[in-house]
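2 protein chains.
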Amino acid sequence: MLGWVKNYGGTELKGDLSAGLTVGVMLIPQGMAYAMIAGLPPIYGLYASTIPLILYAIFGTSRQLAVGPVAMVSLLTAAGIGALADGGTETYIALAIALALMVGVIQFLLGVFRLGFLVNFLSHPVISGFTSAAALIIGLSQLKHLLGVNIERSHHVHEIIIQAAEQFGAINWVTFAVGVGGIAIIMGVKRINKAIPGPLLAVLFGIMAVWGLGLTNSGVQIVGTVPEGLPSMVIPQVNMESMQSLLPIALTISLVGFMESIAVAKAIQAKHRNYKVIPNQELIGLGVANIGGAFFQSYPVTGGFSRTAVNDQAGAKTGMASIISAVLIILTLLFLTPLFYYLPKAILASVIMVAVFGLIDYKEAIHLWKSNRTDFVMLIVTFLATLSLGIEQGIGVGVILSLVMVIYRSTRPHYATLGRIPGTSFFRNTERFQELEERPDMLIFRFDADLYFANTNFFKEKLEEEAKAKGEALKYIIIGAESISYVDSSALHALEEILEEYREQGVHVVFTGVKGPLRDALNRAHLMDYFGANNFYISIQEAVAQLSKEEDPDATSSHKEYTLQTNL
Amino acid sequence: MLGWVKNYGGTELKGDLSAGLTVGVMLIPQGMAYAMIAGLPPIYGLYASTIPLILYAIFGTSRQLAVGPVAMVSLLTAAGIGALADGGTETYIALAIALALMVGVIQFLLGVFRLGFLVNFLSHPVISGFTSAAALIIGLSQLKHLLGVNIERSHHVHEIIIQAAEQFGAINWVTFAVGVGGIAIIMGVKRINKAIPGPLLAVLFGIMAVWGLGLTNSGVQIVGTVPEGLPSMVIPQVNMESMQSLLPIALTISLVGFMESIAVAKAIQAKHRNYKVIPNQELIGLGVANIGGAFFQSYPVTGGFSRTAVNDQAGAKTGMASIISAVLIILTLLFLTPLFYYLPKAILASVIMVAVFGLIDYKEAIHLWKSNRTDFVMLIVTFLATLSLGIEQGIGVGVILSLVMVIYRSTRPHYATLGRIPGTSFFRNTERFQELEERPDMLIFRFDADLYFANTNFFKEKLEEEAKAKGEALKYIIIGAESISYVDSSALHALEEILEEYREQGVHVVFTGVKGPLRDALNRAHLMDYFGANNFYISIQEAVAQLSKEEDPDATSSHKEYTLQTNL
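Those sequence lines, one after another, are chains A and B. When you read off a place in the first sequence, starting at 1, and then add 9, the result is the number in our numbering. When you read off a place in the second sequence, starting at 1, and then add 9, the result is the number in our numbering.
In structure tokens form, the structure reads like this:
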């Protein structure tokens, strides 16, 4: 906040006022709808759109990020608390508020201890698969409101679909018509002019239709009495037992919420460049927003994709826009809640459905199928795991699987035997080019990864294979080390063994392009001397040239100092 | 076996006979002693030295590996079964035999499914820390036999030491003298002539002393009646419950046993080179040895360090040596077991202690302290975890910690900004060399690792930092990609963003030394065209030269085909 508050002037205020009001108008239906996803009475979505917004504006680093209730975090809240209490009960609400406090504390601590990098472990395919699955679950969870039937809460997509099919006869067609009307309004308005707040129009349409036509008599479910006034200050009730059972979901929300927030914050910041988004400070900002919110009956919040985009497009210049949005919600809470009495739940369901089905990212899946089969598998596995095992488990499976793949890949890295491009000093992979020059007495082996315990054997085996392929003629092995920037002690032991083995066989082993960190490691282990300084060359070209001078095996090059430099 | 049985002749037989008898003579005391570590009656060590040796000779690939009971696997057996039954009871013995069957099946399956590479995840420091700790635990577990006092079985070193100290008054000094005599004989003989079987001499000395001087009256514990005859064929008793509780230890023994075995087998094979050790076939060989052994009352076995070395030194040429050793043990079982009646347990303890204290590898710890601090920490953590948490947990902690370190390291890889070595075409790290030539309008940024989801942000941040350091003058960014051999979809998304960002700022971004796999990935994602073929150069030198020709920005090089080749 200190970044913008000093130079705040008329231009900023004009933009912020327009953006703040636009987002505030969006927040009213979205907040109520997302509270419904979370299994909470709609009013809690409005509560969560007050204090947290103001706190984030003070402590956060993004100037356009629109904090508040979002679909994904609401779903995670429902998934976490659903197992512990019945939706909408006192206990349920108390747990949701306690969860906000825990999420806030975790995010705050992650920020203080600079652990924001943890979010880097969520890879693109995992996020995409997870988001698509969560969107599907959220969308289907609203089916009961759209159809006006009673479907038990379930995180198993097939169960929801089966239940909906079984209850086909019980569908309340009036409710369904209202909901479809809402969807049509939101999507139609979006197509005509993006500046018109479609969801708010749908809300107005819904209220008018129910009130004007007396649709409650046809069984259309309405929001009913929405308590007037601001959220009261309460101390969140936290005990050891509930903390323990909420911890996994609190951790998931902390990271997923932060990820969603930082991704959109960075994308928007890249357009402005007049300030910097600092990930760990963002965590502190979100943490304070959640902690403070919890003391005013808020459930977990984070920065949302869609509202942030709208905020930016409507001209938000600073965090003041968020404060203006919050003030609009506060005014709504104070004076307008009676208006929502006739708001049909089907309209809130339509708001949610339009919002989340846009998140189902089948294009990324198609793109990955064509460009990276491994990442495609990650996406599909995360998607299916989220649908079948559950929300938190799905993302856990995705993260662990992608790390296992990283390890697995590093055990079988790329390597190549090289030959000279005729007439040049460049050496390339003999498997990719036909016309390269190779010498029968010389093996040029380039290993394309750091050498460490899990790929040392692979290195030995492949080098041996290639050396064997050269047969009896082999006199020189040139190890192209330009891609090796780290060796651990296991690998150094192996290098020593390899060198000894080939020396015994009368094969001369040299290294080329050895980088600083590798030189340091060799020196620290006193292996540079053991290998012999004359066996290090700045380039393959030079190694080949020098090794060819049989009569002068100890010739050194003019670039020795660059080849042998070490920071020790 | 098929490799050597055809050409078997006199020379081979001579070597094998000498080696087989030498190892057999070693096996008698070692087998009985190691059974004692495993918590089994000594005779089971001899049983485990019959059928498994013959089966390994048939199915294994090493010609010198001496399979049989070893200290580490015996300790693991005790650690696994000790929690389920009391040492030496019928149930305990049945569980040990069932464990051998499970280990055999696991090893066999690992071999069939070619999962031998799993052993690569045991890094050098982890093995060293684990071995040292296990040796300490094994050695101290024998203290009760050496001192003739009653110390309860414990895997916590400090508990054993405290108990021993408390029982100082109860020490049986005659027992202690016999044990120390045994240690003196074994170590003395080793110093004089390594060919004399010290342990066997100690055994003879022990039996003579107890029998001749009637030391049983002084309270010296003896082995007592050793049943005569061969192990009978029994079906191992395995049920679901015991299988479940034995599974973790069976997995640990399978991998640790295989690791010990393959390490020594490969080391010996490297000396001979007239055959090949095939890891997955080795797993099958050990698997069959354990499965077959389990049907003849054997507990888990593997190839041991010390006996294999002796086998080789004594001239073993083929697996026939192992068969001869087994025959010697069979003859011992048939005719010589009464001789062991007076064998004092203190002598077996002395055999064990001398064997295992040699395994405590403090030199490696000192070496790592000097050469690789991270690996030193791995060693110490594994050592302490093995001592404090337990045998299986210790190795688990070590493996997981080293994998976490691999991941962590890959999130913050090495990178460098480069400058030209004056008068050459080589570019080096500007932080390591003073006199390099740098241009104010050009950033040469070399990233030294594969780009993937967990280090993409790091790449972006560091590139941004370095670009910012160049200031307004920056016109060209050369990304030295010669160390990048893999990019995942997350990294490609990021590269796209980066390029777009710098293009907007009017900065020209080019890539040099892009390797085959990276070219393939870029092509598959249709990014090669997006980046522009003219922005790929074979070397930094060439990129610098071409970018300098301002008047001709589209000039391409003569090496384009090598820069742009792809396997797609």
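Note that CB positions come from ideal geometry on N, CA and C, so glycine has one too.
Bridge-paired residues (DSSP) for residue i
i: Met451/A; result: Tyr485/A
i: Glu446/A; result: Arg429/A
i: Ile171/B; result: Per DSSP, none; premise fails for Ile171/B.
i: Val406/B; result: Answer is none; Val406/B lacks a bridge partner.
i: Leu438/B; result: In the sequence on display, residue 438/B carries Asn and not Leu. Leu427/B.
i: Thr327/A; result: Answer is none; Thr327/A lacks a bridge partner.
i: Tyr546/A; result: Thr521/A
i: Leu460/A; result: Val496/A
i: Thr311/B; result: Gly77/B
i: Pro208/A; result: Pro208/A is not bridged to any residue.
i: Pro134/B; result: None, per the DSSP bridge assignment.
i: Pro353/B; result: Ile231/B
Residues of its chain near residue i, where Cβ-Cβ distance is below 8 Å and the 5 sequence neighbours each way are ignored
i: Asp457/B; result: Pro422, His423, Tyr424, Ala425, Ser492
i: Lys280/A; result: Asp321
i: Gln116/B; result: Ser263, Gly266, Phe267, Leu292, Ile293, Leu295, Gly296, Asn299
i: Ala259/B; result: Gly89, Leu108, Met111, Val112, Ile115
i: Phe214/A; result: Gly190, Gly191, Ile194, Ile356
Classification of residue i by the beta-carbon crowding that lies within 10 angstroms, buried from 16 upward
i: His376/B; result: buried
i: Phe392/B; result: buried
i: His167/A; result: exposed
i: Lys15/B; result: exposed
i: Glu373/A; result: buried
i: His133/A; result: buried
i: Thr327/B; result: buried
i: Val183/B; result: buried
i: Gly154/B; result: First, the residue type needs correcting, since residue 154/B is His and not Gly in the sequence shown. Burial call: buried.
i: Ala174/A; result: exposed
i: Pro257/A; result: exposed
Own chain, CB closer than 7 Å to residue i, minus 5 neighbours either side, in chain order
i: Glu560/A; result: With a pLDDT of 43 at Glu560/A, under the threshold of 50, the modelled position of this residue cannot be trusted, and the question is left open.
i: Ala143/A; result: Met81, Leu84, Thr395, Ile400
i: Leu30/B; result: Ile333, Leu337
i: Asn289/B; result: Gly120, Arg123, Gly125
i: Pro562/B; result: Here Pro562/B scores only 48 on pLDDT, less than 50, and its place in the model is too uncertain to base an answer on.
i: Lys469/B; result: Ala503, Ile507
i: Tyr511/B; result: Ile486, Val518
i: Thr225/B; result: Val219, Ile231
i: Asp497/A; result: Tyr461, Phe462
i: Pro309/B; result: Val82, Thr86, Leu108, Ala109, Val112, Ile262, Gly266, Asn299
i: Gly233/B; result: Tyr350
i: Val128/A; result: Leu264, Phe267, Met268, Ile271
i: Thr317/A; result: Gln73, Leu74, Ala75, Val273, Ile277
Residues near residue i in its chain [Cβ-Cβ closer than 6 Å; skip 5 each side]
i: Gly324/A; result: Gly24, Ser27, Ala28
i: Thr59/B; result: Ala335, Ile338, Ile339
i: Val79/A; result: Thr311, Gly313
Listed by chain order, chain D residues near residue i by CB distance under 7 Å
i: Tyr53/B; result: In summary, chain D is missing from the structure at hand, where the protein chains are A and B.
N- and C-terminal bounds of the beta strand (DSSP E) containing residue i
i: Thr261/A; result: That residue, Thr261/A, is in no beta strand (DSSP E); its alpha helix (DSSP H) goes 249 to 281.
Residue i - containing alpha helix (DSSP H), residue span
i: Glu373/B; result: 371 to 380
i: Gln39/B; result: 19 to 46
i: His154/B; result: 152 to 156
i: Tyr65/A; result: 60 to 68
i: Met537/B; result: 536 to 540
i: Lys199/A; result: 182 to 201
Give the residues from the region 441 to 458 of chain B that approach chain A closer than 8 Å (Cβ to any Cβ), ordered along the chain. Arg441, Phe442, Asp457, Ala458
Just by C-beta distance, which residues in the region 500 to 511 of chain B are closer than 7 Å to chain A? His502, Glu510
Of the residues that make up the region 279 to 297 of chain B, which ones have a beta carbon closer than 7 Å to any beta carbon in chain A? Ala279
Short-range partners of chain B found in the region 390 to 424 of chain A, where Cβ spacing is below 8 Å: Ser411, Leu412, Val415, Ile416, Arg418, Ser419, Thr420, Pro422, His423
Please list, in chain order, the residues of the region 133 to 161 of chain B that have any C-beta partner in chain A closer than 7 Å. His133, Pro134
Anything in the region 461 to 493 of chain A with a Cβ closer than 7 Å to a Cβ of chain B? List those residues in chain order, please. Tyr461, Phe462, Ala463, Asn466, Glu491, Ser492
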